[in-house]
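Protein chains in written order, with our numbering: chain A, 3 to 388; chain B, 8 to 458.
Glycine included, every Cβ here is placed at the ideal spot set by N, Cα and C.
As the structure is a prediction and not an experimental result, all values here were calculated from the model.
Notes follow once the structure below has been shown.
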């Protein structure tokens, strides 16, 4: 992560605008990459010193520092095959402490004992330590475009690392964001918006109630590359930057490189059902992960939306209840009932779903054992009479 | 009613209708979960308050780990015993202030043995993590957990670095009944304070040689750990508590060309700083650095200041003086304090001395400290690692080449040399470049140490 001092930002009142890199920065990025190439085999410290000076082509100071950080991260280090530097240090410094000989003589003797070339001794002495490591070009040297993308992601994440609270309006892929947020220990509350606008997710940690803490910054920053997979999003964060809480705004136009594509299915159960439906639901479009339903302060994520090919107004939502306890199941049904979605079929594990149907008659239940029977599900869908 | 621990906080469940939690200090309504919530630190005070109001609690947080057993008795010197008693009598919450080298850790071990509750010991650095675990092993036969420096094990007695505790307190907060905070002065300034605020431990002991000056930081520290319960200055310690020491300040002069460069650089950044102070009369140096970084002239000023620091870190006069001192003191165990890692490696390469920096791994550090103890190596050079807490018992000479941390750092550095042993007389050599900021800084450091 970039340190705060290396985040390129412009401050306007209480807002911090992240200064992302664009195509106009490619020329100096190319020079920066060339500068790294020039220092191959040299200690990182020397390269850092060189980078502190001016470049042949003017480059915005903070952007350049941020990009250099990313390059340092991408570059490898040289590992001497002949000896472990820690062993070299132990032998050399012990010999030196016990010998009255000249320092140069001690170096030669140590090199001889360890059977390493004397001229390499000084070079390898600290080459495993972060600031002294010997720079080694990565197998695939990054292009200016790749470096730009990586730097922009790092800039946005570094700002979010200092976030006390985050709220996001998002369309598409909300489930993955909520799931990841919860996995990271964040509280996720949902605010429904009028006129069918996308719901707003507010994300923060439990302790954030008491202080504007950046304790949850790492968890919040981890969400960012996943957001790039949403169809649309607007993120507002309060970040502690330059000693004050400042508003940071990001949306789908922010040049942020996406993370790995999220897995299409949560479980094998869903995947198998989707495969089976290919054969048994030929008259229906099967849409994975449709928009979430709002139920009070919660969001419900149906797994599938069935939309008839000829009569698109015929729509049925299907939810696979992957539950573990009766309490959890009851709570889930209560929320589903509150969502007031009449065309919703819930597939429940037959062994655990006892006694819940009577309480929520508006819901259609399909018990299953092991896997969901696609034929039985289609019969249920057709049987809704819509 | 139930009080449940939730990731560093306490959530109030099943409230009686007669209770209005908003009047209890620290309890806030959390609209995200539609419940009342308090920081973990208030778990016990909250339970007491509810009991006082005749509210029956069916469940409340308590330390989840089993109590440690297998402590050896810890012998304390009279002043250590007095410090321990003061803390104990004050409800086992608060801070003990003792000079470096006077055995604060012993008091912590006595607290662990006396309270017999699962305890988390917080230390500032990875180097101290290992040292605490090793020292604890001499008094405690049970397993010792470690969090930090690549280790992740929990036990009724666990040692953690500040950074690890900060990251993990949401999970650890309800495991321990006693918190021991070594070098407690690092808290109170909001940087890692969450680590203390999210723990339920009702018993807390802070240890420091350099408490913050009275003000908001000390006030916050009092809230998190407790007030200062006992304080003793170097001059108040019994004579045999610390080794006596001699101080030599060696004045040095930059070479003419270095002096010219230094003066030019200093003029540049002082001019920029003076101009800044006109527009920002109450601003501090940190504010200057932050604001100056936004303009070309400001960046030039900061660069000039950094160059000055680099120049003073190890100019030719210091190189020569260090070589002379090392030759003269070759039979004594010496710690060399420098300003940064780069200088530590330079000194190491030039004089073939082992550097002890934050970049050196745990195993190698332990091996080298052991070699130092056994006399296989005679000197260590360090920028920061030896500044705080690390116990190097036999070292009796300290050469201060340069520093960045001001008076507090100096107090800690000198303290490394003052652990007493038979016939020991420590020597502190300070290399001070004349006609530079070092002169004033050196005077200030010593006046604070003596005070």
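Each of B:240, B:302, B:406 was checked against the Cα of residue 346 of chain B, and the nearest Cα belongs to B:406. At the C-beta level, residue 183 of chain B and residue 121 of chain B stay beyond 9 Å of one another.
Residue 405 of chain B has a beta carbon lying at 9 Å or more from every beta carbon in chain A. Only those residues of the stretch 337-353 of chain B whose C-beta falls short of 8 Å from the nearest C-beta of chain A are listed: 348, 349, 352. Annotation for residue 287 of chain A: the continuous beta strand (DSSP E) segment containing it runs 286-290. Just so you know, the alpha carbons of residue 374 of chain B and residue 389 of chain B end up roughly 16 Å apart. Residue 349 of chain A has A:322, A:368 as its beta-bridge partners, per DSSP.
In this structure, the straight-line span from the alpha carbon of residue 69 of chain B to that of residue 181 of chain B is close to 6 Å. The beta carbon of residue 41 of chain A does not come within 9 Å of any beta carbon belonging to chain B, so the residue lies off that interface.
Assigned with DSSP and collapsed to three states, residue 37 of chain B falls in strand. Per DSSP, residue 97 of chain A is one residue of the alpha helix (DSSP H) stretching across 87-100. The DSSP-derived three-state label of residue 78 of chain A is strand.
With respect to the 9 Å criterion, residue 128 of chain A and residue 120 of chain A are not classified as neighbours on the basis of their beta carbons. A residue is called buried once 16 or more other Cβ atoms fall within 10 Å of its Cβ, and residue 193 of chain B is buried on that count. Rounded to whole angstroms, the gap between the alpha carbons of residue 22 of chain A and residue 30 of chain A is 14 Å.
Using a Cβ-Cβ cut-off of 9 Å, residue 63 of chain A counts as an interface residue toward chain B, since at least one Cβ of chain B sits closer than that to its own. A distance below 8 Å between beta-carbons, with the five flanking residues on each side excluded, links residue 308 of chain B to the following residues of its chain, in chain order: 275, 276, 278, 279, 280, 299. Look at residue 14 of chain A: its C-beta is not under 9 Å from any C-beta on chain B.
Taking one beta carbon from each stretch, the stretch 207-216 of chain B and the stretch 224-235 of chain B have 3 or more pairs nearer than 8 Å; the two touch. If you draw a straight line from the Cα of residue 267 of chain A to the Cα of residue 291 of chain A, it comes to about 9 Å.
The distance from the Cβ of residue 157 of chain A to that of residue 33 of chain A is about 20 Å, inconsistent with a contact at the 8 Å cut-off. Three or more Cβ pairs drawn from the stretch 140-155 of chain A and the stretch 71-83 of chain A lie within less than 8 Å of each other, which places the two stretches in contact.
For residue 420 of chain B, no beta strand (DSSP E) run applies; the uninterrupted alpha helix (DSSP H) run containing it begins and ends at 413-422, by DSSP.
The alpha-carbon separation between residue 369 of chain B and residue 129 of chain B amounts to approximately 17 Å. Residue contact with chain B for residue 189 of chain A: present (Cβ-Cβ distance below 9 Å to some residue of chain B).
Just so you know, the alpha carbons of residue 28 of chain A and residue 72 of chain A end up roughly 15 Å apart. Distance between residue 212 of chain A and residue 155 of chain B, taken at the CA atoms: about 27 Å.
With a cutoff of 9 Å on beta-carbon distance, residue 346 of chain A and residue 320 of chain A are scored as near each other.
The beta-carbon separation of residue 238 of chain A and residue 251 of chain A, rounded to 6 Å, stays under the 8 Å limit for a contact. Residue 129 of chain B has a beta carbon lying at 9 Å or more from every beta carbon in chain A. Using a Cβ-Cβ cut-off of 9 Å, residue 46 of chain A does not count as an interface residue toward chain B, since no Cβ of chain B sits closer than that to its own.
The beta-carbon separation of residue 89 of chain A and residue 165 of chain A, rounded to 44 Å, does not stay under the 8 Å limit for a contact. Contact between residue 337 of chain B and residue 385 of chain B holds: their C-beta atoms lie close to 7 Å from each other, under 8 Å. Linking residue 322 of chain A to residue 20 of chain B through their CA atoms gives a straight-line distance of about 31 Å. Contact annotation: the stretch 102-120 of chain B touches the stretch 239-247 of chain B, with at least three C-beta pairs closer than 8 Å.
In the DSSP secondary-structure assignment, residue 103 of chain B is bridged to B:214, B:237.
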